[in-house]
Each structure stands twice: as C-alpha cells, then as structure tokens.
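First comes the structure, then the notes that go with it.
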Amino acid sequence: MTQEDDALRREIRDWIAREAPRDWRTASTHEAFVASQRSWFAKLVGAGYAVPHWPREWPGGGRSLAEQKIIYEELARADTPRLLLSFVSTYHAFATLAECASAQQRSHYLPRILEGETWCQGFSEPGAGSDLAAIRSRAERRGDVYVVSGQKVWSTMAQYADMCLLLVRTSADGPKQAGLTYLLMDMRLPGVSVRPIHQIQGDEEFAEIFLDEVEIPVSQRVGEEGAGWAVAQATLASERGLTLMELSYRMRGAMLRLSEAVHAAGRTCDAGVLRKLGALATRVDAVCALADRFLQKRMDEDERVGDASIVKLAYSRCLRAWTNLGVELADLAGQMHAPITFGDLNSGNWMADFMNSYAWTIAGGSDEVQRNIIAERMLGMPREPKNWITEARP
Amino acid sequence: MTQEDDALRREIRDWIAREAPRDWRTASTHEAFVASQRSWFAKLVGAGYAVPHWPREWPGGGRSLAEQKIIYEELARADTPRLLLSFVSTYHAFATLAECASAQQRSHYLPRILEGETWCQGFSEPGAGSDLAAIRSRAERRGDVYVVSGQKVWSTMAQYADMCLLLVRTSADGPKQAGLTYLLMDMRLPGVSVRPIHQIQGDEEFAEIFLDEVEIPVSQRVGEEGAGWAVAQATLASERGLTLMELSYRMRGAMLRLSEAVHAAGRTCDAGVLRKLGALATRVDAVCALADRFLQKRMDEDERVGDASIVKLAYSRCLRAWTNLGVELADLAGQMHAPITFGDLNSGNWMADFMNSYAWTIAGGSDEVQRNIIAERMLGMPREPKNWITEARP
Amino acid sequence: MSALRRELEDNARKVFPDWQAAQDAEGSWAQMAELGWFMAGVPEALGGLGLERRDLAVIFTEMGRARMPGPALAQFLALEALVQAPDVPGREELLENAMAGAAITTSLTIAGDGLSAVPDADTASQILVRSADEVALVGLAGAKITPFPTWDGSRRLFSVEPAPDAPRIPLAAGAEAAALTERLDGLLCLGLAGDALGGAEAVLAMAIEYLGTRRQFDRPLAMFQALKHRAADLKVALETATALYEASSEAAPLALGAMKAHCCEVYKQVAEEAVQFHGGIGLTVEYPVHLFLKRAFLNRTLGGSAAFWNESAGDAVLERTSAG
Amino acid sequence: MSALRRELEDNARKVFPDWQAAQDAEGSWAQMAELGWFMAGVPEALGGLGLERRDLAVIFTEMGRARMPGPALAQFLALEALVQAPDVPGREELLENAMAGAAITTSLTIAGDGLSAVPDADTASQILVRSADEVALVGLAGAKITPFPTWDGSRRLFSVEPAPDAPRIPLAAGAEAAALTERLDGLLCLGLAGDALGGAEAVLAMAIEYLGTRRQFDRPLAMFQALKHRAADLKVALETATALYEASSEAAPLALGAMKAHCCEVYKQVAEEAVQFHGGIGLTVEYPVHLFLKRAFLNRTLGGSAAFWNESAGDAVLERTSAG
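Chains as they are written, first to last, in the UniProt record's numbering: chain A, 1 to 394; chain B, 1 to 394; chain C, 1 to 324; chain D, 1 to 324.
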C-alpha cells in the first residue's frame, strides 16, 4: 500500500461521507430506482470516480487497477448503491468502442456515456444462452443498412437503454461463430420493442428485446461483417474482477444483517447458530481474499485461464449459502413478503436475497459452465467429444 | 403382521437370546473372526435360520420374503454378527446353482454349502469393475478342460473360500458380453493363488485371485459356452433387498454409539449437536422405511427398475453421514488407532467405520453407477451416446 | 398402496391434475368438498368416511402436488378436533357443516406460537385455538385480523386476535387439551410433510421435463451427466422422505415433527435445484417453478422449524439410548 | 508471490518433490535443517534468516504436500517461543541448537487441552509447555510418555506427563504468557492450515491424475461430467481456502483458528472425494491416497476443532457488529 493509495482512499472516503445517498434502499418503484441511479452516476462522474478504468484523457480516467480497487472497496464498504444502470455503458460499451470501434464511433459515443447515455447488451437469445454462438437473430444487408429481425433476452435494463450492443447473424454458413456481426443499435429505431422480464422476486432488472425489420446503418457496424464473435469477446472481457471484489466486500459488510437476524431470533447463545455464523463469516472472508488475489494476479499479469471462473463460482455459492442462512434464521418472519430493493443482493429481505442470488449462479455463465471451464481448462480433464450422435429419448 | 409372523418373531428372538454370540466384537485377528463366523453359521443352520430363502426341501428353507425379513430384522436388532463368510455361498452360489446349473451340479454343491463350504465370486478384474463386461481373464478349451489364466480382484473373503463362481472370457469376438463363460472353480486347483487385499482400515475382507493355467473340467461349466453373462445376472440378482434392510436396521440400532459419543464429548446440552443428532436419526429412520418399502414392493411384485439403486444410494450416503458425525463428535480421541472389528460398519471405532463406509459407496456398483441407473432408467434422462470418439488429453 | 388409497389418489388427480387446475381457491374448495375430503377422517358413525390417517396422508400429498390454495389443512385440523371432542354440545351440526365445507381455520404454526399464520382468517367464521390448557372454537366476528402476506402467494395468511367477548366453544381442557393439541400439531406436521412431498414430486418432474426439452451445445440438457447425477440425488432424497412419510402417519407427535422437518428440507432442496436446472427462465414469473420454490420455503417455517424439531429429536435420541 | 517465497517453494520441491521423498522421518528432519527451515522465522540478529510469517506459511504448505513426518511443526512453535522470550538465560544456545535441529516438542492441541498429541515426545529432550499462566521449556527426562497411536501414521503422537522435578526454563509468565500462548496457538493453526492446503493440493492432483488414466466404458473417467464438476468444486474450495490462508498469516489468533477450521474442512472434503474418485484401489494400503485422508482427519482435530473455532468466530461476528 503506497502513500498515494492511502491518500486516494482517504479522499474517496471523505467524498462518500459527504455525497453518497443514504436512502437508496427505500426506493421501491422502478422509476425512483432509475432516477436514483442516474443522479448517483452523475455525482460520481462529477467527482471523477465513475470511470477510473478509462484512459487518462477522460475525467477521472487513467487509474491503475490498484486504484480502481480502492475506489470500489470504499464504495462497497460505505454501502453505496451499486452502479447497475451505467454498468454496461461504462464497461461493456466502453471496451468495445475503445478496442474495436472506429475513431468516429468512439468520439461520438464515449462523451455521451459520461453524460448519462445508457447502453444495453443484445447478445443472449431464447435458444442461445450458455451456448452464445447459437445466435439466430438475422441481419440482412440491403444497401447501406442491415435489416435485423429476431429476439434478444436477459438484456440488463434494456427498457431504460438508449443504445444496444447487438450481436446478429449475417451468415448461416461455416462454423457458427463465423457468421456473426456486431452492430451498435439505437433503441429508438422503428421495429425495436422492449418488454421487461418480471422476475420472481419482483425485480425487473432484465428485458427482452424484439427486433422486427429494424434498419441499422452499416456505419454502425463494429469490425468487419462476420467478425462479430471476436468483437463480442472484447465486450465480454471488459470486466472480470472488480465487480466480484466489490460484491464480496458488500457481502462481508452485510454480515451485519445476519447478526441482526441472530439477534431477532433470540439465538445469540445458540452454539449451533454461532457455529454456522462463524463458519460462514470465515467463508465470506475467504471469498474476499480470493477476489483480492485474483485482482492482484491481473495486476501482476499472472492470470490463468479459469481463475475468473473460480472467483465467480466461489462467490455465487457463498452468496447462496449467505442467503440460505438468513432465510433459516428469519424463519416464519422471513417469509413475509416485503418490497425489494432493486439490485441489492444483501438487503436482509432474505427471500428476495435468496432469489436474487440465482442471478449469480445462472447469469453470466452458469455455475455449470464455470465448472466445465475449471475442469477442462484448468485441471486438464478431457472435453466431451463434439461429434455427439444424440439418441432419441426413451 | 399375521399371527404366524408374530410367532416366528418370538421364536427367533428367544433363540437369539439363548444362542447368539455376544463377544464377537472382541475378535481382533482374522483367524478368530473366521472361526467365529463358521460357528455362528453352523448354529444358524442347526436352528433353521441360515437359508430361509432356499426351497422348502432344505432345512429352514421355504420361508416367505416376509418371514425372511423378520429373521433379518431380529438378527439386526439383537446386534448379532453379520454373516459375511457364508454370504456368497448361501446367496450368490445358491441362486446360480438353483437357476442355471445342472441337476448334478446342484445336488453336489448345495448340501456342502450347508455343511460350511464357502464360496467366493470371481467377477471383477483390475480393468473390469463398474464395466463388468470388459472381463479379460482368458479360458481356452483343451479337450475336457478349460485352461484359465488371468486375475480377479475384490473377491470377498476369497482367501477362505473353497469354491469360486468364475466368469471368464472364452471369445474375443462380437459384443463384449457374448464372449463370457461361467465356471465353478475349486480353489485348491493348481495354478490358483490368492492374495488378501490390505485395506486402509486394517481389514482384509477382499482378495485378489491369480489364475495361471488353471485346468477346470468342462463339467464345471454353468450354462453353455458364451452364456456367462446371463448366468452372471442370476448371480448378481440373488440378493437385492434383505441386506440393505438388515444394514439399515443395524445403523438405527447403532444410534446408541452416536449417543455415547455425544455423552463422551460432554455435548448433551449443545443445541447444534442435538440438531445434527436428531436430523441424522430421522434420516436413518427414513432409510429404514425405504428399505422396508422396497422389500414390500418385492413382495407385491411391484418393483421398478432403479428401486434397488435408490435404496443402495440412500443407505450408502446415510452411512457416510453417520460415520462423519461420529468422527466429528469423537474429535481427537476418535483419531486414536484402535483394532477393527471385522465387517462391522457401526462399531463406534469411528475412523474405521468411516473408511468402511466406502465399501458401500464404491463396491457393488458405485454411487456414480447407481446415479446413472436412476437418471436413465427411472427418470428417463437420455444416455450418453455409445459411439464416443475420444480425444487425446490436452 | 391399498386400493382405497389408490382410488383417493386417482380421483384427486382427475380433479386436480396439476397446479393450474387448483388455482382458483373457491372452486378448488368446492371440489375438495365434493371429493369428500373433509369427510375422509371423520368416523362413519359421525357421517364421515372413516378413513385412517394414512389415507389422509394421500390427500395431503395431492394438495402439495396441486399447490392447493386455501385453508384446507386448517380445516382438517378443525375436523379432527371435533372428532376428538365427543361431549361438545352442537358437535354434530358443527361437524356436518365442516364436512360440507364451512371453513374453520386455525394457525399453521405449532401450538404455543400464538395465532399467527392463520389461513383465510378473513373469510372463516371460526378459528380453532390450540394450547396446552384449552382447545376451543372461537368466533371471528370482531376479531383483529392482520394480513401476513408471504412470498408464497398460494396461501393467504393472517395474524388473528379474537375479540375479547368472542363466542367460545371449549373442546378440551387440562390434560385432555394438552393431549389433543399434541395430536393436532402432529396432524399439522403430517399435512405439511405430505404437501412438501407432493410439491417436490411435481417440481422435480417439471425440472426433468424441462431438461429433456431444452437444448444447449446441440444436445438436451438432460444428457449432461452432472445434471443427471444431481437429478438422481434429488430422486433418492424424495423417495427416502416419501418412505418415511408413508411409515409415519400414526407416529408420535415428536416423530411427526422430525419427519416434517426432514420432508420440508427435501422439498426446499428439490425446489432450489429445480430453479437452477431451469436457468434463466426459472427466474421469470411466467414460468411456474418459482411457485413451488416459494411454497417450499413457507412450508419449512410452518408447523415448527427444522431447528426446533431436530433439536427435540436429538434430545429424544439421547433419552432413548440412555434409558436402554 | 515474492521471489523469496518462490525460492522457498522451489527449494522445498526439489528436496521433497512428493510424499515418498519425505517418508524417512530422520532423513527429512536433517534435510529440513539443511534447507534452513528452522532458522527461517528467527531474526537475523539472533542468527536466523529473519523471514516473516507469510514466508513460514510457504514452508507449512510444503510440509503438507510432502506429508512430512516428524515434529517439525512443534519445532516451529518452540523456536517462536524462544524468539519471543528475550530475557531467558541461555536463550542463544537454545536457539542455536534448535535451529540446527535439536528437537523441542510441544502439544499440537491448543493451550488448555493439556499435554496430549505431542509429536515424538519419546525422542525430544524438552517440551514447550504453553498455558495462560506460564510458557516454559520442561525437560522430558523421567517424564511419563504414553503413546497415542493415530490412524494417520505420519505423526508419532504421545501424551506426556513431565516428571515433578523436571528442569524448567520459564519463558513467560502472567499476561505475557497469555499473549505468547495465544500467539503460539495462532502459529499452530497457521501451520495446520498450511499443512491441510498442501496436502489437499497433493491429493487432488493425485485424484485428477488417476481419473485421467483410469478407463471405464471405453473412456477415461476424467471425461465423465459428473466427476469433472465435482473436481471443479474441490478446486474452487481449495483455491478459496488458499487465498484466505495467504491473506491470514499475520491475522489475530481467533481469525487464524477460524481459518484453520475452514482449511482443514476443505482438506477433509478433498481427501474424502479423492478416495471415492479412486474407487476400489483407493481403499488399498498400497495406494497412497488414504495416507492423505488420514492426515486430513487428524489435522482437523489438532489445534482446536471446527466446532470450537466456528463458535468463537460466530461470537466475534456478533460482538463486532453489535459494537459497530
């Protein structure tokens, strides 16, 4: 820890104490939640904490990974709202624009992101989730436009998005990956419609996007036609460490909620409960240490294939255990329906937290996909053959 | 429960009270253990309880499955020694002889079994465990004999066996199953050598059998040449319920050992420990109920494919949990090396019990094989394709 | 399974083949009455069908499979209380009405936990109050009824505070009340356990069906061995719990409580995995798997927690083995 | 990992590439002394290498990987006690001898559990006695030494009762003794946790190697997805525990205890699964997987049980959050 690091930590800690909203958990409507997200993002942009990972020429940019870590550690420690609405813009869209887009595309869109333009990601489809290359949304080139029809799903906050990172199929020939093309789509174009997905805990964090003969100018293409898979990798690789570190720290901070549950249940002297609490606290500490170590490896350029999967799996399973203990301690009282706090994974509204935890065991590569990656690419266990000949079900 | 059943129960209970050995857990040498097994079997034969599943013409035979269940329930309840040494003879050898052998073979061998002749099973090989059809021990016909060479493994108590149920390969052509032949081998033949397997808990329940040009008369063949697979199925199907019922009841009786461990640890008022104990006791009760229900289904001729796998898996996992709780409660004291009680799964010598429990998660179709059976044959989930094209390991 | 129980099961499945069929609480209530379920446990001498607890157990499982809305489980407790209280004036009429479907509610918590988690208290006319001192039917007119909305939307629960001057029909007092209360708590646990197992069976079937149709990487998910093995483990847990359930219908109250805890954990385990098996679609309200998940979690907390029952069961093990 | 720690690790793996290389207790002891391990934690001013606890942590992991026999962990505690007791007469000579390999043993249980589980007490000349009142070196001549044979054959443990008139060198008393004892218990936990993680890594590698070579149904076991997923879960557990371990070397005693409990459960979990992965062969003494299983179980009970540490950690969570 250098002196500069300490100074940054003090600086942001002071700023948070002055500026961070405290009442964000009370927003119980989608509109109030979105408004609070927008104002918090604007504040962070103003203070130079919104995009520490952008290059130096941008306000607040040019931070080292170590500095980024400090910023997110402090944001987590102070229990500030997570940056859900702007996440795709500042990470996924940014990385795609910075690494793969034309200079013109870059200079057009990046400033708008800081002004609050929000993006969504149009990758997953009903038949292409874990198996992303199976995308079927079809783009046909007609003169200067691509005409796109199809359906996207699990797009985070697409209902509030101005723009979309869109992966479509321009060819059905050859390997599945080779026929994909990457487009930047204005969500206000005719033919685009969005339907929020009603989630089981009452959230609407995701949406479906329906595309009906949407005409997207060819100038909105990133990379060449057919090069969409490679561009998508840049999008997906944009963030693979800070978020899990931030979330792990938030989970650690939220051990307080479990303590409250122990007190509320009158079980502060119950040896069995204390053991579960203690074992879980240690496991949470371990996940935090793992996330730290992963970031350190990235800083040291020492990351191995599979490391990210380990962190995600460790976090997702621990989060599930965390919510399970809360649900158990709260007993009947925990079954009472209470409005959710949007995007909060550690609210102490235990059933909501429990259901929310599936977002981490399923989305962004399910636990099962992560286990495959770890087994095959880290432990060297052989893949299953690709040329299956599937039998009919009995 | 009929009046006859009650009478049988009283009768055997009285007999056990008079005749059953009480000191069998003190036998700490193999020789003493074998001697005690032989004398206990002889007593049971004398009283007519050794072979209740044999036909009525045999002493003690002709019992219904319900009656057999009563006998084994009472033997379990009274914590009598399990019948390990005679198990293969009275079940596997009997079923094979009764269902597939010639009249001459039957009348030659069955009486000897009651006189104490012990048998072992020569099926598994180093390269053919779960995948039994992969057997490679080779039998070549030369005139009136088969000349057999190869190696068998995991043969229960082969070192004490007089005879062996031997499955060998007489042809390498066609489907793997079609080239197998079934022989009854005298263990005293030249070329047969046996090496006990030293198990990690100190037991020697199994042995390897080495076959070096052993000449077995063709008259010792059961069924036709090449029909070994079908005969082996009769052997394997000989017992699929009573044993697990008996073992489950023994586990329930041995909850006493866990209670003793709780007392010894001074944790009789520890809520966490009590909960673990109570939850496990209920699980053990559930496994007993499951084994009961399975037997009932057999009596009702209502058994489904996979039912036996469910009972075995439920028992094996519960036994593991049972031993794990004992090991945990006994803490450091439980790590002290103590001589094992041969074949006892519930001795309260916790580390030995723990290691012994693998016999049920691995042998007789591992947990993994049982899960495949349940998923595919009961839940209708599709098999993996048979025509794998295996890739080299990376 | 006996022919009678098979028939109960067959009839139930005709009327309530799945959760959709039982969605309408009012209609389902009438159908249950029509099926004779509320007469089932009442002796023939009192106008009922005179079935045994193990027959009722079949009904409970069917209620879970259909994710039955409404206060039927409370009704079974009230009926049992009336059957067990021979000397109560007006009992025959009360019984007759209840068998015909006049709802009497009661708390779905174990006695001593007060009048919380009372289903449909806003429409029932009477509540069965159970305690170690007194078992009584108490009128609900003028009662303070506070909604207790749960994540599980299938049961409408309330906290109830009867009016001080509410009419009160005592069914048992003193030692008799203690015994009856214990008996009713046992029946509650049996009902919740059956509900859990029926629900678990339904949601497991739903998940396996889904795995068989959903394809990823050019094959059905059901072909992936890791999922197959997890499904098999769930099946084993479910079958084992079911065997215990079937063997326990006449068990002592403590054994019923421990059994309930066991079965409800299995339901929770199966439902939790079933959602994971469904992937994203399982997280949308349009897809029914979450309905069973939420009921599984609620069931777990009704009728006494696993922590409570397992601790009691552990105590009993120590006592049993110390005595022996 | 720093260059220094990398070097420690590399050197260790040259000398003790696997468990076979460390089988001979006497030879391994000499090799450890030669590698400078007993000097590692001693400040340079006292003739040691002046390494930090996180450097020692690397050594502990290597000891676990090699399933190191002998009383090395006790030796590290004795060395630390001497380092922390500046005013003891004759300390320099004691330290010098201990660094050169003169064995001082001590109990591998936490203070308060008496003088049980003392490794190689029959050959050591002195025992370090730790309690909240006094920390002292006590001569073993004339002591009553009772073998405590364990299923794990890698450590030779004894219960010790020193002679009443045994020579005694006090290292700390009063509050200082309490603090030193806590510090030493923490080091014990660190050592056991490192041992657990090194052992877990070795046995997991052994199991994965086996799965890759063993074929069933015409394919290597390692291709079966159910086994792959279980192996992946073990890897996740191991990596997570390792991250905690590496971050904890300077942690407070309670955190070290909870960390030890966590790491030892992971070792047990990995070893238990590793045996299952091996199938029948894993149950034979000829195959080494059981050696790690037995050490995993013993480690779990040394240095305080998981029940003890987790309960303490739970208390601490309540205190921390109540204060905050």
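Quick reminder that beta carbons are idealized off the backbone N, C-alpha and C, glycines included. Model, not experiment: these values are computed from the prediction.
Looking at chain B, is there any beta carbon in it that lies within less than 8 Å of the beta carbon of residue i?
| i | result |
| --- | --- |
| Lys268(C) | no |
| Val275(C) | no |
| Gly306(A) | no |
| Gly266(A) | no |
Between residue i and chain E, is any beta-carbon pair separated by less than 8 Å?
| i | result |
| --- | --- |
| His278(C) | Going by chain labels, chain E is absent from the structure shown, which instead holds the protein chains A, B, C and D. |
Quick check on the burial criterion: 16 or more other C-beta atoms within 10 angstroms. Buried or exposed for residue i?
| i | result |
| --- | --- |
| Arg221(B) | buried |
| Glu209(C) | exposed |
| Gly90(D) | exposed |
| Lys14(C) | exposed |
| Pro394(B) | Caution is warranted here: a pLDDT of 33 is assigned to Pro394(B), below 50, making its placement in the model unreliable, and no coordinate value can be reported. |
| Gly324(C) | Low confidence applies to Gly324(C): its pLDDT is 45, below 50, so where it sits in the model is not reliable, and the reading given next is rough at best. Counting Cβ neighbours within 10 Å, Gly324(C) comes out exposed, since fewer than 16 surround it. |
| Asp331(B) | buried |
| Ile389(B) | In this predicted model, Ile389(B) has a pLDDT of only 43, less than 50, meaning its place in the structure is not dependable; the value taken from the coordinates is given anyway. Ile389(B) is exposed by the Cβ-count criterion. |
| Glu208(A) | buried |
| Lys144(D) | exposed |
| Cys120(B) | buried |
| Ala32(B) | exposed |
| Ser347(A) | buried |
| Thr341(B) | buried |
| Val285(D) | exposed |
| Cys269(A) | exposed |
| Pro119(C) | buried |
| Arg130(D) | buried |
Measuring straight from C-alpha to C-alpha, what distance separates residue i and residue j?
| i | j | result |
| --- | --- | --- |
| Ala50(A) | Arg298(A) | 21 Å |
| residue 430(A) | Met157(A) | Past the edges of chain A, shown from 1 to 394, lies residue 430(A), and the structure says nothing about it. |
| Ala392(A) | Met187(B) | The predicted model places Ala392(A) with a pLDDT of 37, which falls under 50 and marks its position as unreliable; any figure quoted below should be read in that light. Near 47 Å, if we compare the C-alpha coordinates of Met187(B) and Ala392(A). |
| Met351(A) | Gln335(A) | 7 Å |
| Ser116(C) | Leu108(C) | 8 Å |
| Ala316(C) | Ala17(B) | 27 Å |
| Gln23(D) | Pro69(D) | 7 Å |
| Thr106(C) | Gln225(D) | 49 Å |
| Ala359(B) | Ala76(B) | 19 Å |
| Ala74(D) | Ile104(D) | 7 Å |
| Ala103(A) | Ala95(A) | 13 Å |
Let me see if you follow: with CB-CB separation under 8 Å, is residue i close to chain A or not?
| i | result |
| --- | --- |
| His262(C) | no |
| Ala117(C) | yes |
| Trp151(C) | yes |
Using beta carbons (cut-off 8 Å, strictly below), is residue i in contact with chain D?
| i | result |
| --- | --- |
| Arg310(A) | A quick correction: the sequence has Ile, not Arg, at residue 310(A). So yes, Ile310(A) belongs to the interface. |
Across which residues does DSSP place residue i in a beta bridge pair?
| i | result |
| --- | --- |
| Arg142(A) | Val145(A) |
| Lys152(A) | Ile209(A) |
| Leu302(C) | Note: Leu302(C) sits in no beta bridge, so no partner. |
| Phe158(D) | Val118(D), Pro147(D) |
| residue 378(C) | The structure shown has nothing for residue 378(C), since chain C only spans 1 to 324. |
Counting contacts by CB-CB distance shorter than 8 Å, is residue i in contact with chain C?
| i | result |
| --- | --- |
| Ser366(B) | no |
Quiz prompt | Unbroken stretches of the alpha helix (DSSP H), 4 residues or longer, contained in the segment 225 to 290 of chain C | solution = 225 to 247, 253 to 278
Exercise. Run through the segment 54 to 91 of chain A for me and flag every whole alpha helix (DSSP H) of 4 or more residues, listed as ranges in chain order.
Key: 65 to 77
Quiz item: Taking only runs of the beta strand (DSSP E) that begin and end inside the segment 163 to 212 of chain A, which ones reach a length of at least 3 residues, in chain order?
Solution: 163 to 169, 180 to 186, 192 to 196
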